[in-house]
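Anchor point for the sequence shown: position 70 equals 662 in this note's numbering, and the numbering is continuous, going up by one each time. What follows is one structure encoded as structure tokens, with my remarks underneath.
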Amino acid sequence: MLFSVSLMFVKTTSEHARLKEAREGLATWRKWGPYLSERQWGTVREDYSESGTAWDYFPHDHARSRAYRWGEDGLAGLSDEKQRLCFALSLWNGADPILKERAFGLTNSEGNHGEDVKDYYFYLDATPTHSYGKYLYKYPQRAFPYDDLVRINKRARVRNSNTS
593 MLFSVSLMFV KTTSEHARLK EAREGLATWR KWGPYLSERQ WGTVREDYSE SGTAWDYFPH
653 DHARSRAYRW GEDGLAGLSD EKQRLCFALS LWNGADPILK ERAFGLTNSE GNHGEDVKDY
713 YFYLDATPTH SYGKYLYKYP QRAFPYDDLV RINKRARVRN SNTS
């Protein structure tokens, strides 16, 4: 029986060198990265309600004026590995009543599960060491339809509950 072995030669890149440095503890390439959640509001970690209803206890509307206890959130966020220092985008299109600082979603009582955020964002590319990352957020030029989304989803929830 004859075996054939072919060796493939891969060009070593700068990213390979950074990964090696990180593995060997020579550099802290992974100390900073996209470790920040898009949505911390409404999570069970932030639920201190008596009834255990995390979504109603901490909805999106409260997020801009209440402090989180167990994490942070933001759009295209970067932080150190322990989230002691966090950076994220803050956007305003000139039409919204609030700054856009986090993903928007609805609570269960508003007609949809809160994990179904209503924003369009995409992580397009990144290196394993986070030395490079590419993110795209689709922010409307008109007012973000916060109230419309709540109203439409409540109506759909009522319609769905009548058909079951």
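Glycine included, each C-beta is placed from N, C-alpha and C at the ideal position.
Quick one: using the 10 Å Cβ neighbour count with 16 as the cut-off for buried, is residue i buried or exposed?
i	result
T699	buried
T721	buried
E638	buried
A687	exposed
D739	exposed
R610	buried
R615	exposed
Could you tell me the distance, in whole angstroms, from the CA atom of residue i to the CA atom of residue j?
i	j	result
W647	Y640	11 Å
R661	Q675	12 Å
E702	V742	6 Å
V636	G669	21 Å
S606	T719	11 Å
R658	Q733	27 Å
K746	Y731	23 Å
So residue i and residue j are supposed to be a Cβ contact under 8 Å. How far apart are they, rounded?
i	j	result
Y627	S671	5 Å
C678	E693	Not really, about 11 Å apart at Cβ, beyond 8 Å.
H771	W684	Only positions 593 to 756 of the chain appear in the structure, and residue 771 is not among them; the question remains open.
Starting from the Cα of residue i, find the closest Cα among the options and give me that residue.
i	options	result
L716	Y724, A687 and A735	Y724
L728	D711, F736 and D740	D711
Which class does residue i belong to by DSSP, given the choice of helix, strand or coil?
i	result
A614	helix
W621	coil
Y738	helix
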